[in-house]
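Following this note's numbering from start to finish, the sequence shown increments by one per residue and tops out at 270.
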Amino acid sequence: MLRLESVTKNFGAMTAVDSIDLEVPKGQLLGVIGRSGAGKSTLLRMINRLGESSSGKILYEDDGTTIDVNSLSGQDLRNWRSQCAMIFQQFNLVLRLNVITNVLMGRINYNSMLKTMFVMFSPAERAFAIRALDRLDVSGQALQRADTLSGGQQQRVAIARALVQEPKILLADEPIASLDPRNAQIVMDALYKINKEDGITVICNLHTLDTAKKYCDRVIGMKLGKMIFDGHPSELTDEMARDIYMGGDEEDEEFSAAITSTTL
């Protein structure tokens with residue numbers, strides 16, 4: 007279980023995440039919704055320790071052991087980032103490298119820096135990477151340069167890279183925001199399948215309500231850094247969605263975009 011206790015992030019006088027209390031059971035697919043600037047990405051980055059919280063606790067409990075995420079450093083922090091893999095909106099692939107090498111970079115914590123620099127991965131690791139790519143239906147592109155792939159294919163490669171980290175948690179920060187509806191569905195189907203088949207906890211920042219309702223076991227809604235909704239997707243009414251997204255003319259446009267069907 008992942009547990010957040012009064013987690014807060016301040017940027018000077020601005021509070022980006024405001025006293026979030028949250029428990030995420032093992033194996034849950036949790037959707038996080040809210041308009042741009044609501045604090046969704048900041049929240050995920052604090053869980054992964056790509057960003058530091060200003061106050062509060064982030065705890066992970068597994069097999070009777072509790073990890074204080076905020077206290078980790080050195081190898082322990084690197085281990086946590088392997089267990090808590092991050093998937094980004096812009097994929098973060100090395101475009102000049104081929105697909106399988108990009109995926110194998112997910113094994114960096116299991117190898118020495120020298121071996122990683124010279125791409126000295128074992129046959130077993132290469133087979134592991136191919137299996138991960140095959141699950142995402144991109145194993146046929148294993149030897150292509152990453153920059154030859156479509157955006158949807160690149161995001162699936164990024165998910166495969168996260169899988170070879172052997173994570174217990176997947177954090178997906180707007181993983182379909184830059185994709186067309188067809189590729190968005192392929193990526194969300196993949197995350198859903200990984201969640202249900204592997205039991206990996208998935209926390210996914212999403213923009214559209216239809217996507218959250220279709221795929222998520224639970225949804226939280228954020229506004230101005232606060233969590234103002236926490237419940238089953240069926241409880242997410244248009245009135246509640248309006249409260250999460252609206253607050254002025256600019257937000258009216260974002261609300262309209264959020265409730266527009268993505269055909270997923």
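The beta carbon of each residue, even a glycine, is placed where N, CA and C say it ideally should be.
In chain order, GLY57 place their CB closer than 6 Å to the CB of ARG51, counting only its own chain and leaving out the 5 sequence neighbours on each side.
Boundaries of the alpha helix (DSSP H) harbouring TYR198: 187-204, taken from the DSSP string. In this structure, the CA atom of VAL100 is about 29 Å from the CA atom of ALA44. Here DSSP, grouped into helix, strand and coil, assigns ALA22 to strand. Judged by DSSP secondary structure, ARG113 falls outside any beta strand (DSSP E); it is assigned neither H nor E. CA-CA distance, ASN189 to LEU139, rounds to 16 Å. 7 Å or more divides the Cβ of ALA168 from the Cβ of LEU155. Close CB contacts of LYS219 within its chain, under the 7 Å cut and outside five residues either way in sequence, are with PRO239, LEU242 (chain order). Around ASN16, the same chain offers SER60 as residues with beta carbons nearer than 6 Å, after the five sequence neighbours per side are excluded.
Around the Cβ of GLY112, a 10 Å sphere holds 16 or more other Cβ atoms; the residue is buried. Per DSSP, LEU78 is not a residue of any beta strand (DSSP E), being assigned neither H nor E.
With fewer than 16 other beta carbons inside 10 angstroms of its own, ALA19 counts as exposed. The three-state secondary structure of ASP216, taken from DSSP, is helix.
Its Cα nearest to that of ILE26, the residue SER12 stands out among GLY33, LEU36, SER12. Rounded to the nearest whole angstrom, the CA to CA distance from GLY227 to LEU212 is 10 Å.
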